[in-house]
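Residue numbers (the working numbering), protein chains in the order written: chain A, 2 to 396; chain B, 2 to 396.
Cβ atoms here follow ideal geometry from the backbone N, Cα and C, with glycine treated the same way.
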């Protein structure tokens, strides 16, 4: 590639501006942002007007532009832009987890067909180089499990509930006031964001494209102070944890659930807006990575790292995918959970395979036991509607 | 390169056998170990005699061998083998930290001159991909500090002293019995091993080749139960920590000292034989990586990862070195330490710039304060001889 690359940037929000800053303040790597395509004509931008365009084709049709960087909110429009750019032979960097989770297969195919590279380290766990590490370093390791804290918003909220004894509602409010949660927090607090990241990571860890709708996500909206007290008394912290696991028969299971985490785990100490990823390897044992999960500069730096890698001709090899490391996806697994419920009829609907602990009081009721994940999936709407709280517990 | 590589292996100890196992049990990557050169003719080997040779030239002069993997103990002989192999145009993988720390400049020059690749991820922090992450992911990040637990033996010993209240002597004995420490533990317990790794990491983090003899290393041999009690009462753990730091004037400082670590640090939870590396970045904030620091399979897997990378034509770019990120090395820095001493005359010899705390009793004496690192270096022999214990404390 050329010695100084021309970048066409889509979106100039938090991450776009972070990239702009990091790029201009980085001593090593040099690249021009040639054009920035944005939607809102009313908004004031902290860059010269000559850089701004409202027409995406000004970037996509510009042969001078080597790399398209896509950092907009709208996942479907992002997919249009990214696939158009790849078809035109441009390399692309994106941080759009929702788009990736919905379109992994098409985006993989487009890369192969048009012999271009799509990088997206900024889409998962912010500044933690989790995708690159899985691709480049654990490419010959048989992985057993990947799990972690992939969502900074819920981790911030959950940290406040345990460390400062705030209720879920108050912690959410505080997170919104501080800009850690959006006014509509659904995507984060119901575990969709964490799930999208898990789907992306699963592709690189196990080589399997999992359909996002196959993966259960139950977030933290059902969290009650009784659950917080329970966790506190047992010495647990509560974290929202996606787990992606290889089963003995080589199938893959994945789900997103709150989890009670004990002091002995490194994730116990990953608080506030930080992310952490734990990778269980057959030969190397447990690896743990921690870093800032979000934020303008950390995510901007992750995007810059991808741009720099592109300038060296880097592309993901998807080795585990081509080698077919995993055979299939299944939700037919038994998991161990704590479940706080309302009335005994709940237990008829949400049937456990085995109950190890039963607690009944005038304040609240819970059971701890084994349940088939498929049962939780079937009853998901009922669980959410009735604010039943389920938390994974390691056996 | 060819589809199936031929490897010539030097040394068949713990790591060599680990590599052999991991290679034969890895589903993805395929490579032959064509020949294994060993020294001791008496030892029984768990592989066929046709694989073994006692003549290094059988590997070095064999044009069929693509990659030389060097895993012997003797650092000087290792350097002979590695430089000979590089001169003959062979790519090399090594895990020999001492050899690397003593010969970084020559090995860098040989790679450039003969257009070959030398990889050594297994030399630092076992299974943690610290060098690869610094090279590939933080290559455009301005780094501020790298520190961590780079030596599993001392971490195992120190964990026993704090968690099980063993004396240093008993903890060392237990580590030796369990095979975590050698019969002559000097290299580990006096901090040489950690220092060698710090020198290697400094090259990739800051682009500077530091002469190992410039870097202070004081280990844990002076640790007394009074120090252990002090740390315990203050809620600290004691870890042996190399710090490599960029100063505001762009010079680099590095040293290896015991450190009191508070609960708020991730390194607090890195116990037993585990390693952890903390990387402070200008844009990405603090990154943390943890994994197994040693052991047959983890280190074998790190070596295999390098072999696999070689098969894709990978080489370190040493970007920070070519971009001259750091200007020079200095030991003229002020550090904050706890020092347990014997008599008041010790304080005349080991002069503090500023003393913040003084404790004098009939049992033991200590001060906490600021000292110039150069003073500690000058008095190193005196400190070791008199079993004075110095521990770094973050200000």
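Within 8 Å, do at least three Cβ pairs link the segment 42-49 of chain A to the segment 342-354 of chain B? no
Would you identify the three-state DSSP class for residue 230(A), choosing helix, strand or coil? Locating residue 230(A) in the first chain gives position 229, counting from the first residue. Of the three classes helix, strand and coil, the one that applies to residue 230(A) here is helix, per DSSP.
Please specify which runs of the beta strand (DSSP E), each continuous and at least 3 residues long, are wholly inside the segment 24-94 of chain B, giving them in chain order. 32-38, 68-71
Looking at residue 199(A) and residue 409(A), is the spacing between their C-beta atoms short of 9 Å? Because chain A is modelled from 2 through 396, residue 409(A) falls outside the range shown and cannot be assessed.
Is the CB-CB distance between residue 86(B) and residue 124(B) below 9 Å? Along the second chain, read from residue 1 onward, the residue named residue 86(B) stands at position 85. Along the second chain, read from residue 1 onward, the residue named residue 124(B) stands at position 123. No, Cβ-Cβ distance for residue 86(B) and residue 124(B) is not below 9 Å.
Any beta-carbon of chain A closer than 9 Å to the one on residue 40(B)? Looking up residue 40(B) in the second chain gives position 39. Output row for residue 40(B): interface = no.
Would you call the CB atoms of residue 35(A) and residue 52(A) closer than 9 Å? Looking up residue 35(A) in the first chain gives position 34. Looking up residue 52(A) in the first chain gives position 51. Yes, they are a contact pair.
Using 8 Å as the Cβ pair cut-off and three pairs as the minimum, do the segment 291-302 of chain B and the segment 127-136 of chain B touch? yes
At the 9 Å Cβ level, is residue 129(A) part of the contact set with chain B, yes or no? Translated into positions along the first chain, residue 129(A) becomes position 128. Judged by the 9 Å Cβ criterion, residue 129(A) is in contact with chain B.
Please go through the same chain and pick out, in chain order, the residues whose beta-carbon is closer than 7 Å to the beta-carbon of residue 380(A), but skip the five residues on each side of it. Working through the first chain from its first residue, we reach residue 380(A) at position 379. Excluding positions up to five away in sequence, the list reads 350, 351.
With respect to the beta strand (DSSP E) encompassing residue 359(B), which residues constitute its N-terminal and C-terminal limits? Position 358 of the second chain, counted from the start, is the residue given in the question as residue 359(B). Residues 355-361.
Could you give the distance in angstroms between the alpha-carbon of residue 99(A) and the alpha-carbon of residue 210(A)? On the first chain, residue 99(A) is found 98 positions in, with the first residue counted as 1. On the first chain, residue 210(A) is found 209 positions in, with the first residue counted as 1. Cα-Cα distance, rounded: 14 Å.
Contact list for the segment 314-345 of chain A against chain B, Cβ threshold 9 Å: 315, 318, 320, 321, 324, 326
With 7 Å as the C-beta to C-beta threshold (strictly closer), list the residues of the segment 17-34 of chain B near chain A in chain order. 23, 27, 28, 29, 30
Pick from 260(A), 277(A), 312(A) that is closest to residue 149(A), judged by C-alpha positions: Against the first chain, residue 149(A) aligns to sequence position 148. Minimum Cα distance to residue 149(A) is reached at 277(A).
Cβ-based burial, residue 285(B) [other Cβ within 10 Å; buried from 16]: As a position in the second chain, residue 285(B) is number 284, starting the count at 1. It is buried - the Cβ of residue 285(B) has at least 16 other Cβ atoms within 10 Å.
Contact residues within the segment 159-189 of chain B, judged by C-beta distance below 8 Å to chain A: none
Which chain A residues sit within Cβ distance under 9 Å of residue 299(B)? Working through the second chain from its first residue, we reach residue 299(B) at position 298. Those are 282, 284, 285, 286, listed as they occur along chain A.
Measure the C-alpha to C-alpha separation of residue 7(B) and residue 37(B) and round it to an integer number of angstroms. On the second chain, position 6 is the one that residue 7(B) refers to. On the second chain, position 36 is the one that residue 37(B) refers to. Each residue's alpha carbon lies about 11 Å from the other.
Could you tell me which whole beta strand (DSSP E) segments of length 3 or greater appear in the segment 245-277 of chain A? 253-262
Based on the DSSP secondary-structure assignment, which residues constitute the bridge partners of residue 366(B)? Here residue 366(B) is taken as the residue at index 365 of the second chain, counted from 1. Per DSSP, 342(B), 361(B).
Name the residue from 353(A), 250(A), 197(A), 348(A) whose alpha carbon lies nearest to the alpha carbon of residue 242(A). If you number the first chain from 1, residue 242(A) lands on position 241. Nearest option by C-alpha distance: 197(A).
Give, in chain order, every unbroken run of the alpha helix (DSSP H) that is at least 4 residues long and sits entirely within the segment 298-346 of chain B. 320-323
Go ahead and pull the three-state DSSP assignment for residue 380(B). One-based indexing of the second chain puts residue 380(B) at position 379. Coil at residue 380(B), not helix or strand.
Flag residue 63(A) as yes when its Cβ comes closer than 8 Å to any non-hydrogen atom of the ligand HEM, and as no otherwise. This structure lacks the ligand HEM, and indeed carries no ligand of any kind.
C-beta neighbour in chain B for residue 75(A), strict 9 Å: As a working mapping, residue 75(A) is identified with position 74 in the first chain. Chain B, which has no Cβ nearer than 9 Å to the Cβ of residue 75(A), makes this no.
Is it buried or exposed, residue 162(B), if we count other Cβ atoms within 10 angstroms and call 16 or more buried? The residue given as residue 162(B) occupies position 161 in the second chain. With 16 or more other Cβ atoms within 10 Å, it is buried.
Quick one: list the residues of chain A neighbouring residue 292(B), beta-carbon separation under 8 Å, in chain order. For this step, residue 292(B) is matched to residue 291 along the second chain. Neighbours of residue 292(B) on chain A, chain order: 285, 286, 287, 288, 289.
Give the secondary structure of residue 140(B) by DSSP, where H, G and I count as helix, E and B as strand, and everything else as coil. Taking the first residue of the second chain as position 1, residue 140(B) is located at position 139. In this structure, residue 140(B) counts as coil in the three-state DSSP scheme.
Using the beta-carbon count (16 or more within 10 Å), is residue 106(A) buried or exposed? Sequence index remark: in the first chain, residue 106(A) carries index 105 (1-based). That one is exposed.
According to DSSP, which residues form a beta bridge with residue 150(B)? Here residue 150(B) is taken as the residue at index 149 of the second chain, counted from 1. 277(B), per the DSSP bridge assignment.
Would you give the residue range spanned by the alpha helix (DSSP H) that residue 213(A) belongs to? Translated into positions along the first chain, residue 213(A) becomes position 212. Note, residue 213(A): premise wrong, no alpha helix (DSSP H); not H, not E.
For residue 373(A), the three-state DSSP class (helix, strand or coil): Within the first chain, numbered from 1, the residue matching residue 373(A) stands at position 372. Of the three classes helix, strand and coil, the one that applies to residue 373(A) here is strand, per DSSP.
Residue 260(B) beta carbon less than 9 Å from that of residue 279(B): Reading the second chain from its first residue, position 278 is the one you call residue 279(B). Reading the second chain from its first residue, position 259 is the one you call residue 260(B). Cβ distance not < 9 Å, so residue 279(B) and residue 260(B) don't count as in contact.
Indicate whether at least one CB of chain B lies closer than 9 Å to the CB of residue 192(A). The count along the first chain starts at 1 and reaches residue 192(A) at position 191. It does not: the Cβ of residue 192(A) has no partner Cβ on chain B nearer than 9 Å.
CB contact below 9 Å: residue 305(B) versus chain A: Position 304 of the second chain, counted from the first residue, corresponds to residue 305(B). Cβ-Cβ to chain A under 9 Å: yes for residue 305(B).
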